[in-house]
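Quick notes on the structure that follows.
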Amino acid sequence: MMIEAEHLFKRYGVRLVVDDLSLHVDVGDVLGFIGPNGAGKTTTMKMISGVMPPYAGTVRIDGIDIEADPRLAKSRIGFLPENAPLHMTMTVRAFLAYTGRLHGFYGRELARRVDRAMERCGLRETAGQEIESLSKGYKRRVCLAQSILHDPKALIMDEPTDGLDPNQKRQIRELILSLREDTAVIISTHILEEVEAVCSRVFLLCKGKTLFDGAKDEFRAKADALHTDLAGLFAVMTEGEQT
Amino acid sequence: MFTVFRLSMNACRECLREPVFYLMLLAALIMIGLFPYFSMFVFRQQIRLVCDSSMATTMLFGLFAAVLCSARTINREMKNGTVLLLMSKPVSRFSFVISKISGILISLTLFVFICNAATWLSVLIAKDQFRLSTPLLCWYFGAICLAALFGGIRNFISQKSFSSNAVIAMAVLFPIIAAVTQVIRARTLPDYLKADTESFMQADVLVPALCMLFFAVWIMGVISSALATRMEIVGNLMVCLLLFLVGMVLHYFAAPAFGTGTVSALLCTSLVPNWQLFWMGDVLSNRIHIPAAYFVWTALYSVLYCAAWVGWAFFLFQDSELARDTR
Chain A
0 MMIEAEHLFK RYGVRLVVDD LSLHVDVGDV LGFIGPNGAG KTTTMKMISG
50 VMPPYAGTVR IDGIDIEADP RLAKSRIGFL PENAPLHMTM TVRAFLAYTG
100 RLHGFYGREL ARRVDRAMER CGLRETAGQE IESLSKGYKR RVCLAQSILH
150 DPKALIMDEP TDGLDPNQKR QIRELILSLR EDTAVIISTH ILEEVEAVCS
200 RVFLLCKGKT LFDGAKDEFR AKADALHTDL AGLFAVMTEG EQT
Chain B
0 MFTVFRLSMN ACRECLREPV FYLMLLAALI MIGLFPYFSM FVFRQQIRLV
50 CDSSMATTML FGLFAAVLCS ARTINREMKN GTVLLLMSKP VSRFSFVISK
100 ISGILISLTL FVFICNAATW LSVLIAKDQF RLSTPLLCWY FGAICLAALF
150 GGIRNFISQK SFSSNAVIAM AVLFPIIAAV TQVIRARTLP DYLKADTESF
200 MQADVLVPAL CMLFFAVWIM GVISSALATR MEIVGNLMVC LLLFLVGMVL
250 HYFAAPAFGT GTVSALLCTS LVPNWQLFWM GDVLSNRIHI PAAYFVWTAL
300 YSVLYCAAWV GWAFFLFQDS ELARDTR
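Taken in order, these protein sequences are the chains called A and B.
The C-terminal residue of the first sequence carries number 242 in numbering that gives the first Met the number 0, and the numbering is unbroken.
The C-terminal residue of the second sequence carries number 326 in numbering that gives the first Met the number 0, and the numbering is unbroken.
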C-alpha cells in the first residue's frame, strides 16, 4: 500500500478536527477526498504530506513511517497545497530548479527534470516569466509542476482545479489521469464533478469523521438507491451529520 | 547541509529583493552622508559627532531592517502558505528555522557592511570643522545614484530585481571608495595632522568599533526572526523596540535595583541583550584601541545569545499552525 493513514486524530486547542481517520491508497488509485467546508480535508492533507504532525495516529508512505523518517517519506510525496502558494518574485524555471534542489537534484539531472515537468504542465512558454505575472491557471500549473518534478509515488492535491476555467480543468484532469499509472493520488475537493471525472475511489469526511470510504461505483450505487445524484447523496449524508 | 544552504540563499535573496530593504538602506545612507554637514562648526568635535550619529543610525536602521526582513520572509511565508511547499519537501522544521535565520543574518550583514563603509566615508568627508571634502561628498552621493542606475538598468534589460542589484552595487562601491580614499589620505596628510585626533581617524581604531555593530544587529535579527514565527510585523516591531530601549538602560538600573550579583539582577541582565556592549562611541572619541579579549568575549556573548534565541525560535515554530490563511 502506497499511502497508509491509521487512526489519525488532530486537535486545534480543544476542538477535535480529525477524529479517528484511517485511509489506504495504492498505486493506480485516485482517491477523491470530499466533504463540506471545515470537514478537516486540508488538515488531513497536511498530516498525510508530513507538513503537520498528527495528534495521534500514524502515516506511512511506501511503508515508511513519516514521523520516524520524515526525509525519506517526504522524498516520495508530491504535495499541491490549496491556493498554489509560490515565491512570486522567482521565474518559473528558477522556482522549479529551487524545489528540485531541495529534493537533491543538481546539474543535468535537475535541468532534465525541470524541463520535463514544464513540458508535462504546459509551462514551456512561460519558463522565463516571473510567477507574479502569470494567470491563476498558470500559477496552479507551476505548483503542480513542482509536485511532480521528483516523480513522487504519492501525490496529494488540495483543490487542484479550484478557480480554473473549463479548459484548464480538463488539462489538469488529463494530467492527473496520466499520472495514476505509477502513482497513488489523493485529491481533496468539494467539486463532485471532479470526483466523477478522475477518481476511482471516494472518501467522504464530515466534521472530522469518516462517512464513506469505498469505490466510486459503490458511491454512485448508493446515490441510485436513493434515486438521486452524487450531489444529492452528498447533501443527505453530510447535512444529517452537520445538524 | 546543502538544503540549509539553498534555503538560506533563497531567504537572503528574498530579503534583498524587498523594496523596503533598499529604502531602509537608502534612508540610512543619506542620513550618514549628511552628518558631516550637520556637524560643522562644533568646536573640534566633528569626527566624534559623525561617528556617534552614523553608528546610532546603523544600529537603529539595522533594527528596523531586521524586523522587516524577518516579518517579510518568515511571517509572510507562514501566512501565504509557501511554507507548506517547503515543509512537504525533505526539509525539517529545524532546517527551515536555521536557514531562514541565517538568510536574514546574511542580508543584515550586508546592510551593516554598507552602512559601516558609508560611516567610514562620512568620517573622511568631515575634513575639519569648517570644511567638508566636497569631491568625496560628490563621490558618496554619486555612488548611491550609480547603484540605483545599475539596479534600474538590470531591471529594465534583464527583468532582475532593482532592489537587490542596487544593494549589491552599493556593497561594491562604498568599500572601494572608502578604502581608496583612506589610503590616499593616509599618504598625503602631513604627520602632524595624522596625529591630530580631530583631523584624522585611524582605520585600526575605527574598523573594530564598526565591527561591533554587526553583533548588535545579528542579535536583533535572531530575536525578530524568532518572534516572526508567531507575531505580525507590528507586534514584532513593538517587542523589538522595547527590547532595544530596555536593553540600552537596564544594565545601569539592574544592579542598584536588585543588588550586585543577585540572581534577580543576573536573570534580568541575561534575558535582555546588553546593547551597551556593542556601543563604541566613547572608545572612538578617545581613540582607544579595542582590546582583542573584549572583542572575543563580545563575539562569544553574541553567539551564545543568538544560539539561545535560535532554540527559542525553533520551539515557537515547532508547534505553530502553518499557513493559517490558506485554510
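Yeah, the Cβ is synthetic: ideal placement off N, Cα and C, and Gly gets one too.
| Asked | Found |
| --- | --- |
| Chain A contacts from the stretch 70-89 of chain B (Cβ-Cβ distance under 9 Å) | E76, N79, G80, T81, V82, L83, L84, L85, M86, S87, K88 and P89 |
| Beta-carbon gap between P159 (chain A) and T188 (chain A) smaller than 9 Å | yes |
| Beta carbon proximity, I98 (chain A) to chain B, threshold 9 Å | Note that residue 98 (chain A) corresponds to Thr in the displayed sequence, not to Ile. Yes - at least one Cβ of chain B is within 9 Å of the one on T98 (chain A). |
| Collapsed DSSP secondary structure at M87 (chain A) in the structure displayed | coil |
| Chain A contact for A322 (chain B) (CB, 9 Å cutoff) | For A322 (chain B), the pLDDT reaches just 49, beneath the cut-off of 50, and the residue's location in the model is therefore unreliable, although a value from the coordinates is still provided. Closer than 9 Å: yes. |
| Test item: CB-CB of P272 (chain B) and Y304 (chain B) under 9 Å | yes |
| Close beta carbons around D18 (chain A), own chain, < 7 Å, minus the five adjacent residues each side | F8, G207 and K208 |
| The stretch 156-182 of chain B: positions lying closer than 8 Å to chain A by Cβ | Q158 and S160 |
| Proximal chain A residues relative to N9 (chain B), where beta-carbon distance stays under 8 Å | H86 and Y97 |
| According to DSSP, residues forming a beta bridge with V17 (chain A) | A:K9 |
| F252 (chain B) in three-state terms, based on DSSP | helix |
| Neighbouring residues, chain A, relative to R16 (chain B) (Cβ below 8 Å) | T88 |
| Sequence ranges, alpha helix (DSSP H) only - wholly within the stretch 170-223 of chain B, length at least 4 | 190-193 |
| P80 (chain A), buried or exposed, once every other Cβ within 10 Å from all chains shown has been counted against 16 | buried |
| Given 8 Å, three or more beta-carbon pairs between the stretch 138-146 of chain B and the stretch 161-169 of chain B | yes |
| Assigned exposure category for S263 (chain B) - 16 Cβ within 10 Å defines buried | exposed |
| Close beta carbons around I183 (chain B), own chain, < 8 Å, minus the five adjacent residues each side | none |
| Minimum Cβ-Cβ distance from A234 (chain A) to chain B less than 9 Å | no |
| Own chain partners of A125 (chain B) with C-beta closer than 6 Å, once the 5 adjacent residues on each side are dropped | P35, Q45, I46 and V49 |
| For F155 (chain B), the first and last residue of its enclosing alpha helix (DSSP H) | T133 to S157 |
| Contacts around A225 (chain B), its chain only, beta-carbon distance under 7 Å, and the 5 residues preceding and following it disregarded | W308, W311, A312 and L315 |
| Beta-ladder partner(s) of L79 (chain A), from DSSP | A:M156 |
| Three-state secondary structure (DSSP) of F202 (chain A) | strand |
| Start-to-end residues for the alpha helix (DSSP H) that takes in F20 (chain B) | P18 to F37 |
| For V96 (chain B) and T2 (chain B), believed in contact at Cβ under 8 Å, the rounded distance | The pair is not a contact, with the Cβ atoms about 13 Å apart (cut-off 8 Å). |
| Validate contact between the stretch 99-119 of chain B and the stretch 8-15 of chain B using beta carbons, cut 8 Å, 3 pairs | yes |
| Near the ligand FAD: H189 (chain A) beta-carbon under 8 Å from a heavy atom | What this structure holds is no ligand at all, so the ligand FAD is not there to describe. |
| Three-state secondary structure assigned by DSSP to S187 (chain A) | strand |
| Bridge-paired residues (DSSP) for G213 (chain A) | A:V201 |
| Near-chain B residues of the stretch 51-71 of chain A (beta-carbon distance less than 8 Å), N- to C-terminal order | M51, P69, R70 and L71 |
| DSSP-derived helix/strand/coil call for G80 (chain B) | coil |
| Within-9 Å CB hit, E231 (chain B) to chain A | no |
| DSSP beta-bridge partners of G31 (chain A) | A:I186 and A:V201 |
| Limits of the beta strand (DSSP E) - the one that V262 (chain B) falls within | Run containing V262 (chain B): none in the beta strand (DSSP E); it sits in the alpha helix (DSSP H), V262 to L270. |
| Segment limits, alpha helix (DSSP H) that includes G106 (chain A) | G106 to R119 |
| Top-ranked residue by Cα proximity to M1 (chain A), from A:T41, A:R75 and A:A55 | A:R75 |
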